[in-house]
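Accompanying notes for the structure given below.
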Ligand code: FES
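Numbering (the working numbering), first residue to last: 373 to 447.
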């Protein structure tokens with residue numbers, strides 16, 4: 373399993389209402405990689421994680437997909 377350490381400081385849910393769904397054409401892509409600069413929406417930053425190795429935990433400086441990637445742990 374690929375994994376990365378992300379700093380996240382939100383304290384509550386992001387509610388996607390009908391108006392936003394309508395604006396997006398009925399589909400909203402929610403970021404699951406943790407690197408989007410437009411959370412909770414996916415902005416394509418997940419492409420940076422496509423070559424991560426299984427069993428390794430990575431960290432990206434400033435949680436930026438273009439930031440330096442370092443290995444946090446390698447089990
Ligand atoms: S899933 Fe995180 S930017 Fe796309």
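Using N, Cα and C, we set each Cβ at its ideal position, and we do this for glycine too. In this text the structure is predicted, and so the values were computed from the model without any measurement.
Span separating the alpha-carbon of residue i from that of residue j
{"i": "residue 374", "j": "residue 393", "result": "30 Å"}
{"i": "residue 376", "j": "residue 388", "result": "26 Å"}
{"i": "residue 398", "j": "residue 390", "result": "8 Å"}
{"i": "residue 403", "j": "residue 413", "result": "5 Å"}
{"i": "residue 447", "j": "residue 429", "result": "9 Å"}
Cβ-based neighbour list, residue i, same chain, cut-off 6 Å, excluding 5 preceding and 5 following
{"i": "residue 433", "result": "439 and 440"}
Boundaries of the beta strand (DSSP E) in which residue i is found, first to last residue
{"i": "residue 446", "result": "441-446"}
{"i": "residue 401", "result": "No beta strand (DSSP E) holds residue 401; DSSP gives it neither H nor E."}
Residue i: first and last residue of the uninterrupted alpha helix (DSSP H) it sits in
{"i": "residue 394", "result": "390-395"}
Contacting residues, own chain, Cβ-Cβ under 7 Å from residue i (five flanking each side not counted)
{"i": "residue 437", "result": "407, 417 and 420"}
{"i": "residue 411", "result": "403"}
Inter-residue CB distance, residue i and residue j (contact presumed, cutoff 8 Å)
{"i": "residue 435", "j": "residue 378", "result": "5 Å"}
{"i": "residue 442", "j": "residue 424", "result": "Contact doesn't hold; Cβ gap of about 12 Å is too wide."}
Neighbourhood of residue i by C-beta, 8 Å cutoff - its chain only, sequence neighbours within 5 removed
{"i": "residue 400", "result": "388, 392, 393 and 413"}
Jot down the residue ranges of each uninterrupted alpha helix (DSSP H) in the segment 403-430, minimum 4 residues, whole runs only, in chain order. You should have found no qualifying run.
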